[in-house]
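Residue numbers (our numbering), protein chains in the order written: chain U, 1 to 372; chain B, 1001 to 1405.
The following block contains the structure:
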């Protein structure tokens, strides 16, 4: 039994943690929150790229470091813990993953080195307003090499220069297309959201030139689902990182704050609450390991493992973030306290690639299939 | 990152599998139909003797004590393989799980020579006389008196929730030896022959109908000072050592009640109203929740085993497994009954399995949330020993036991 990260992966994690606590403490996320015109912390993103972390899981022959998903997992956990406001998830978990999975050799050779070098901020545009897309509900049209329609919300839409979009082709079948966002026929509008530390926006396409990636129809939809499964595991690591930070904050506060002549952490009402958060976090961490194992080993049960990791991590982070506010009492609900930064992030991550019920239905579908 | 055995672990697993497969034909209870507890115990003793011969009765113990000198991971592997069968080993779980390791640690050489091997072979069974009617979670509140008389001690009082006392030959017992000092300082630990005059065992019928627990009455039971384990008034330290053993004993993967696979099979069939419950989105949502919880426990267990495989013993965080499993069992069984409507409370026929039926499991779960550490005590353990939060304020800490209300 070797159900853990290796010593090398742990060493990398420590290195990332040191970097982020030095260069991207919570004041960095707060600065983005407080500035209506800021969508990310560009200097942190640049440094992160220089350290080679954007290309961590990109193969060496495409200019990356050539490590794998497990290394991305430990990085994701630290990004989640620090709330670093960088377009890492959009660019790496979603855009680069889509390129690796569905693009042909030419596109890979063109795009992936640029991602590793930090020249590309990418995203995946799939949502079209309220709800979640189904194979035949997509309104964005891809016809004669051009896109017509809208996508919103799209993570990092305002700062991305390239996107992979989920569109419908002439025959109404789903397809994935690569589109440069720096061209005529593309309009980008910022959206206000509950978590301004991870910017969102609308992409409006009015005849923008785009390139189809891979085959259309069922195979495009399968590829899209696979990209989301892989991203679900990586987002889950961000979530358990954030949940651990919330528990640590709550313990620290409960150990210092006194009321009725004792530290509040000596009351069972608080102790039991924090014990429950710890339990939820540990179950979620264990489930994200399961997702990491399935992702890294190319296991057939990835759709099951990824959905379990996602649901478990959503539950853990949301519980930890909201109870962290609760333990802090009135102080926890001030703008000055950091609790709301995690509260906001816990909700935005719970929605970013579909909510818990959507992923729960995947769990039941996949599990039911395994039961003879 | 993987779930695979190391080559050494795989070799040991193969050895155990082969050995068990040969014996299962004779000892697996599913091959014996409906047999009495006495007959099960007799089969169990035979199997236990064979197990001890191989050193499997205590995998981690050195060979000269009757073990096989194995690693904690090998002990887990043995248990995992044994669980694949329905073998009559339940009678020895407490005996070898807690009292016997304590005897190994605190008894004299001569006593170890006398008592360890027969227990390992299942010839003698030991119980643990800990809880009392007024001392459950707060074990330090025990009252059963031990009074020194020359070279002997005289025991008077009552124990309760003693598993398998009615079939036990010996027991380890914690007593109140000095009520004039604060409670944790006045306890002494002994072992006692359950056939001694003045020991009376009465089985307790539990709320769910089961009867493996007993209450045990001690009336002027005389035992020699040589049966003392640890120092006079040093019984609390010995008890802590016993409880540490218990913690490892309850650390296991999710279990109890119907498996989730069987649950899906049960829900999939057409109910009497012509519908399969699997078509109900609320039911599908619940299955996902249960799967997430079960997967969390199993994967947490895989992380613990990874630590064990690398030579680390589980810490207090292992308490979370039972905390999660017991409530999950209760909620899941209750939901399955809900899904069946008014018929949910009705047993399908007379032959329901206590181990797997969800209606039985629902009843049992109420006790499972209490046994071996209540939900609340486990939360305290996690909060204090894992998260480092302060202990509760203890009003009885420096008060002589006899002055407590």
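No residue lacks a Cβ here, since even glycine has one placed at the ideal position from N, Cα and C.
Keep in mind that this is a model prediction, so the values were computed, not measured.
Listed along the chain, the chain B residues whose CB falls inside 9 Å of the CB of residue 361 (chain U) are 1281, 1284, 1285, 1288. Residues of the segment 230 to 242 of chain U with a C-beta atom less than 9 Å from some C-beta of chain B do not occur. Taking 8 Å as the cut-off between beta carbons, none of the residues of the segment 317 to 338 of chain U comes near chain B.
With contacts defined by Cβ atoms closer than 9 Å, residue 1336 (chain B) and residue 1401 (chain B) do not form a contacting pair.
Flagged as an interface residue toward chain U: residue 1392 (chain B), by a C-beta distance shorter than 9 Å. In the displayed model, residue 246 (chain U) falls within a helix according to three-state DSSP.
Going by beta carbons, residue 235 (chain U) and residue 346 (chain U) fall outside the 9 Å limit.
Listed along chain U, no residue sits closer than 8 Å to residue 1271 (chain B) by beta-carbon distance, the nearest being about 17 Å off.
By the Cβ neighbour-count rule, residue 189 (chain U) is exposed, with fewer than 16 other Cβ atoms within 10 Å of its own. In the three-state reduction of the DSSP assignment, residue 212 (chain U) falls in the strand class.
Interface residue (Cβ-Cβ distance to chain B less than 9 Å): residue 193 (chain U) is not classified as such. For residue 231 (chain U), the closest of U:124, U:323, U:221, U:36 by C-alpha to C-alpha distance is U:124. DSSP places residue 1312 (chain B) in no beta strand (DSSP E); its state is neither H nor E. Minimum Cα-Cα distance from residue 45 (chain U) among the listed residues U:62, U:20, U:11 corresponds to U:20. Burial check for residue 43 (chain U): the Cβ neighbour count within 10 Å stays below 16, so the residue is exposed. When the beta-carbon positions are compared, residue 201 (chain U) and residue 153 (chain U) come within less than 9 Å of each other. In the structure shown, residue 1175 (chain B) adopts extended strand secondary structure according to DSSP, grouped into three states. Chain B has no Cβ within less than 9 Å of the Cβ of residue 353 (chain U).
CA-CA distance, residue 146 (chain U) to residue 207 (chain U), rounds to 5 Å. Listed along chain B, the residues sitting closer than 8 Å to residue 251 (chain U) by beta-carbon distance are 1387, 1388, 1389. Going by beta carbons, residue 1172 (chain B) and residue 1229 (chain B) fall inside the 9 Å limit. In summary, residue 372 (chain U) is exposed, with fewer than 16 beta-carbon neighbours lying within 10 Å of its beta-carbon over all protein chains present. For residue 1162 (chain B), the three-state secondary structure derived from DSSP is strand. Looking only at B:1130, B:1149, B:1153, the smallest Cα-Cα distance to residue 1143 (chain B) is reached by B:1130.
Look at residue 1292 (chain B): its C-beta is under 9 Å from a C-beta on chain U. Separation of residue 323 (chain U) and residue 242 (chain U) (C-alpha to C-alpha, rounded to the nearest whole angstrom) is 13 Å.
Chain U has no Cβ within less than 9 Å of the Cβ of residue 1068 (chain B). With respect to chain B, the C-beta atom of residue 157 (chain U) has no partner C-beta closer than 9 Å.
Among the bridge pairs identified by DSSP, residue 1112 (chain B) is matched with none. The closest CA to that of residue 250 (chain U), considering only U:34, U:178, U:108, U:276, is found on U:276.
No Cβ-Cβ contact shorter than 9 Å links residue 285 (chain U) with residue 1382 (chain B). When 7 Å is used as the limit between beta carbons, residue 1318 (chain B) is near no residue of chain U, the shortest such separation being about 10 Å.
Close to residue 1264 (chain B), with beta-carbon spacing below 8 Å, are these residues of chain U in chain order: 367, 368, 371. Residue contact with chain U for residue 1156 (chain B): absent (no Cβ-Cβ distance below 9 Å to any residue of chain U).
Residues of chain B whose Cβ lies closer than 9 Å to the Cβ of residue 162 (chain U) do not exist; the shortest such Cβ separation is about 32 Å. Residue 115 (chain U) places its beta carbon less than 9 Å from that of residue 54 (chain U).
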